[in-house]
Amino acid sequence: MAPDARTTEAAPETTGERSRGRTILRHLVLYAGALVFLFPFYYMVVGSLQKEPDTSLGGAFPTGGFTLDNYTQINERVDLVQSLVNSGIFTGGVLLGTVVFGVLAGYALARLEFRGQGTLFATMLLVQIIPFQLLIIPIYVMIVRTYGLADSYLGMILPFAINSTAVFIFRQFFRQLPEDLFSAARLDGASELRILWSVALPLVRPALVTAVLLTFIGPWNEFLWPFLVTKDTGMQPLAVSLANYISNVAGRAANPYGAILAGSVVLAAPAVALFVAFQKRFTSSDLGSGVKG
Amino acid sequence: MSTLQAPPEAPPPSRAARPSKAAPSWVASLVGRHPVGIVLAAPYAVFLALVFAWPLCLAVWISFHDYFFAAPGVEVERPFVGLDNYRTVLSDPDVRESLVNVGVFLVINVPLTVVLALVLATALNGAIRGRTFLRVAYYVPYVAASVALVAVWLFLFSSDGMVNQILGPLAPDPSWLVNSTLAMPVIALFVTWKQLGFFILLYLAALQNVPKELYESASTDGASRFRSFLHVTVPGVRPATLLVVILATITGANLFTEPYLLTNGGGPNGASTSPVLLMYQRGIEQGNPDTAAAIGVILVILVLVISLVNRRLLERD
Chain A
17 MAPDARTTEA APETTGERSR GRTILRHLVL YAGALVFLFP FYYMVVGSLQ
67 KEPDTSLGGA FPTGGFTLDN YTQINERVDL VQSLVNSGIF TGGVLLGTVV
117 FGVLAGYALA RLEFRGQGTL FATMLLVQII PFQLLIIPIY VMIVRTYGLA
167 DSYLGMILPF AINSTAVFIF RQFFRQLPED LFSAARLDGA SELRILWSVA
217 LPLVRPALVT AVLLTFIGPW NEFLWPFLVT KDTGMQPLAV SLANYISNVA
267 GRAANPYGAI LAGSVVLAAP AVALFVAFQK RFTSSDLGSG VKG
Chain B
8 MSTLQAPPEA PPPSRAARPS KAAPSWVASL VGRHPVGIVL AAPYAVFLAL
58 VFAWPLCLAV WISFHDYFFA APGVEVERPF VGLDNYRTVL SDPDVRESLV
108 NVGVFLVINV PLTVVLALVL ATALNGAIRG RTFLRVAYYV PYVAASVALV
158 AVWLFLFSSD GMVNQILGPL APDPSWLVNS TLAMPVIALF VTWKQLGFFI
208 LLYLAALQNV PKELYESAST DGASRFRSFL HVTVPGVRPA TLLVVILATI
258 TGANLFTEPY LLTNGGGPNG ASTSPVLLMY QRGIEQGNPD TAAAIGVILV
308 ILVLVISLVN RRLLERD
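In structure tokens form, the structure reads like this:
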């Protein structure tokens, strides 16, 4: 009896020690990983503020010589304000289309029963498997060659006007609401639009914010399509004008890396800032309800 | 034709009898119980038809014809050429190389993404100090624009960049992005780093669905943490793994920005050219939309096949 008692007494202590060691290890791995993930961002900001590019290890931790010259320099080559306005219009157009028409479609798919519903749902799922990039040739032929929408905001926005992933997420959220709510409202004689506006939308508002934020980063960061549609530099979103600067002009500038990194900070900052401000919205449960199907 | 068939889901009589605004049964069988749904969903349906279904058909049509760009409104002959474009594409060594490049990309990117995302999500799951900070740190590259992040990597991996400064004599020659063996792996690494946060979030969601009792019974059976990870966590998140693999494959098929900017248009000697980059060069730069469309059609088929095979492999119990 006695030895048994001793072992059971000793056991929790060793497991406690082991689990503490494991917790420390877990923290160590996670924080080391986080540093690796954040370092390029830190380096981007530091590099954009340095007069001369210093690529040695010490150059990552400068003590002085900070300047905003690189920002002035990139602004001379790429009209930052105009590019940001173009990015904003492109992103805003996509968001508007996605929220207005996506919510309507998501609601219809989740809560209404109509002919063609199954086909529409199946197509929506298929669209998420077929990459948009693979359709660029016919879409380019249509939008640029047939409709002559090159160098126009409409041409930029059209292929992204309603985000299918967002429609899917809207549908999932509307489906989670109890059916009684809807039948009660219908019994009261409310129209579907009114039910959507006054009953369903207020209940899914937090989810809506998440979907909008997720949709925002798509057009803001998109490169290939606006790159194909815009040849006029006055129409190009920042991602495109910066990319063109990287591949064409950079070699001739005094401190090309500094100027490129300054442009990168301007391009990355709005999306990162929005995400950090709203990071609580990006919870795994919100996303999970979109993924569980 | 389909109107003659009985509606697949006839509304139950109790519901039909409700004094709601629902349509009478004969109308319901024609347009559904809530015809207003057609109106609400119409813009999205039109959108899908316009920028998805129609371009898909157009891509197939273009790929079977001798198609070239002409001024708008000008009538030109675009004769049917059968499989000629496909023959051109499949015998083109550049196309084959780009497919091999995507293969290299996937072989590095997919296992790395699955393992790192699952391990980091498992470590992040549960009480941990600074959880919010860690989540933000891992997610931030996903949120930021590729073009901006590529710029930093160019800075880090150039021949006199920081990575080589640290490596000193161990630095590869020729350097990372101009080295035909290393260019594609660096791109695969970049994309893994950029997308990992999103996949960690997917796994975090999936981990909530693994029943806690399974972990408890595993630990009563004396299984180590590692064994319960292998035998409870890994099978428990299998649907998420399927999604991760399919999404990572689609990312690979979509690859354009990274090879275009990171390796200056897919160099050295096409060692990092991706199929979409080739579509851009062949179709738009060189004015051969017909062969470019054929590349697109082949890629769509490959993506669908890979998705189906993955589903078969991973959904098997």
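Residue numbers (my numbering), protein chains in the order written: chain A, 17 to 309; chain B, 8 to 324.
Beta carbons are placed, not taken as given, at the ideal position from N, Cα and C, and that holds for glycine.
Short Cβ contact (9 Å threshold) for residue i with residue j
{"i": "isoleucine 302 (chain B)", "j": "valine 96 (chain B)", "result": "yes"}
{"i": "phenylalanine 176 (chain A)", "j": "glycine 122 (chain A)", "result": "no"}
{"i": "proline 275 (chain B)", "j": "valine 102 (chain B)", "result": "no"}
{"i": "threonine 129 (chain B)", "j": "tyrosine 210 (chain B)", "result": "yes"}
{"i": "serine 99 (chain A)", "j": "tryptophan 236 (chain A)", "result": "no"}
{"i": "glycine 259 (chain B)", "j": "phenylalanine 54 (chain B)", "result": "no"}
{"i": "isoleucine 115 (chain B)", "j": "proline 192 (chain B)", "result": "yes"}
{"i": "serine 168 (chain A)", "j": "valine 245 (chain A)", "result": "yes"}
{"i": "leucine 384 (chain A)", "j": "phenylalanine 82 (chain A)", "result": "Outside the modelled stretch of chain A, which goes from 17 to 309, sits residue 384 (chain A), for which no answer is possible."}
{"i": "alanine 278 (chain B)", "j": "methionine 286 (chain B)", "result": "no"}
{"i": "alanine 255 (chain A)", "j": "arginine 187 (chain A)", "result": "no"}
{"i": "methionine 169 (chain B)", "j": "threonine 79 (chain A)", "result": "no"}
{"i": "alanine 155 (chain B)", "j": "glutamine 202 (chain B)", "result": "no"}
{"i": "methionine 140 (chain A)", "j": "tryptophan 61 (chain B)", "result": "no"}
{"i": "leucine 120 (chain A)", "j": "leucine 224 (chain A)", "result": "no"}
Residue i (DSSP reduced to helix, strand or coil)
{"i": "histidine 41 (chain B)", "result": "coil"}
{"i": "glutamine 172 (chain B)", "result": "helix"}
{"i": "phenylalanine 59 (chain B)", "result": "helix"}
{"i": "phenylalanine 87 (chain B)", "result": "strand"}
{"i": "phenylalanine 137 (chain A)", "result": "helix"}
{"i": "glutamine 252 (chain A)", "result": "coil"}
{"i": "proline 28 (chain A)", "result": "A caution first: proline 28 (chain A) carries a pLDDT of 46, below 50, which makes its placement in the model unreliable, though a value can still be read off. The answer is helix: DSSP assigns proline 28 (chain A) an H, G or I state."}
{"i": "phenylalanine 77 (chain A)", "result": "coil"}
{"i": "phenylalanine 106 (chain A)", "result": "helix"}
{"i": "phenylalanine 82 (chain A)", "result": "strand"}
{"i": "glutamine 144 (chain A)", "result": "coil"}
{"i": "glutamine 192 (chain A)", "result": "coil"}
{"i": "glutamine 149 (chain A)", "result": "helix"}
{"i": "glutamine 202 (chain B)", "result": "helix"}
{"i": "glutamine 98 (chain A)", "result": "helix"}
Cβ-based burial, residue i [other Cβ within 10 Å; buried from 16]
{"i": "phenylalanine 148 (chain A)", "result": "buried"}
{"i": "methionine 196 (chain A)", "result": "Checking the displayed sequence, the identity of residue 196 (chain A) turns out to be aspartate instead of methionine. With fewer than 16 Cβ atoms within 10 Å of its Cβ, aspartate 196 (chain A) is classed as exposed."}
{"i": "glutamine 293 (chain B)", "result": "exposed"}
{"i": "leucine 141 (chain B)", "result": "buried"}
{"i": "valine 116 (chain A)", "result": "exposed"}
{"i": "glutamine 252 (chain A)", "result": "buried"}
{"i": "glycine 49 (chain A)", "result": "buried"}
{"i": "proline 286 (chain A)", "result": "buried"}
{"i": "leucine 112 (chain A)", "result": "exposed"}
{"i": "isoleucine 3 (chain B)", "result": "Summary: the structure shown does not reach residue 3 (chain B), with chain B confined to residues 8 through 324, and so no result is reported for it."}
{"i": "threonine 227 (chain B)", "result": "exposed"}
{"i": "glutamine 192 (chain A)", "result": "exposed"}
{"i": "threonine 162 (chain A)", "result": "exposed"}
{"i": "glutamate 82 (chain B)", "result": "exposed"}
{"i": "serine 35 (chain A)", "result": "exposed"}
{"i": "arginine 234 (chain B)", "result": "exposed"}
{"i": "glutamate 84 (chain B)", "result": "exposed"}
{"i": "tryptophan 160 (chain B)", "result": "buried"}
{"i": "glutamate 238 (chain A)", "result": "buried"}
{"i": "glycine 164 (chain A)", "result": "exposed"}
{"i": "glutamine 89 (chain A)", "result": "buried"}
{"i": "aspartate 297 (chain B)", "result": "buried"}
{"i": "isoleucine 308 (chain B)", "result": "exposed"}
{"i": "tryptophan 183 (chain B)", "result": "buried"}
{"i": "isoleucine 155 (chain A)", "result": "buried"}
{"i": "arginine 93 (chain A)", "result": "buried"}
Where the alpha helix (DSSP H) containing residue i begins and where it ends
{"i": "glutamate 92 (chain A)", "result": "85-93"}
{"i": "methionine 286 (chain B)", "result": "282-286"}
{"i": "tyrosine 146 (chain B)", "result": "138-150"}
{"i": "tyrosine 267 (chain B)", "result": "264-269"}
{"i": "alanine 200 (chain A)", "result": "195-203"}
{"i": "leucine 315 (chain B)", "result": "296-322"}
{"i": "leucine 177 (chain B)", "result": "Looking at the DSSP string, leucine 177 (chain B) is not in any alpha helix (DSSP H), and its letter there is neither H nor E."}
{"i": "alanine 287 (chain A)", "result": "272-293"}
{"i": "alanine 278 (chain B)", "result": "Per DSSP, alanine 278 (chain B) belongs to no alpha helix (DSSP H) and is neither H nor E."}
{"i": "proline 69 (chain A)", "result": "No alpha helix (DSSP H) contains proline 69 (chain A), which DSSP labels as neither H nor E."}
* Asked: When you check each C-beta in the stretch 236-268 of chain B against every C-beta of chain A, which residues fall closer than 8 Å?
  -> Ala247, Leu250, Ile253, Ile257, Ala260, Asn261, Phe263, Thr264, Tyr267 and Leu268
* Members of the stretch 32-44 of chain B near chain A, C-beta cut-off 8 Å -> Leu37, Val38, Gly39, Arg40, His41, Pro42, Val43 and Gly44
* Asked: At a Cβ cut of 7 Å, what residues of the stretch 239-268 of chain A count as close to chain B, listed as they run along the chain?
  -> Phe239, Leu240, Leu244, Ala255, Leu258, Ala259, Ile262 and Ser263
* Between the stretch 131-147 of chain B and chain A, which residues of the former have a C-beta closer than 8 Å to a C-beta of the latter? -> Leu131, Ile135, Arg136, Gly137, Thr139, Phe140, Leu141, Arg142, Val143, Ala144, Tyr145, Tyr146 and Val147
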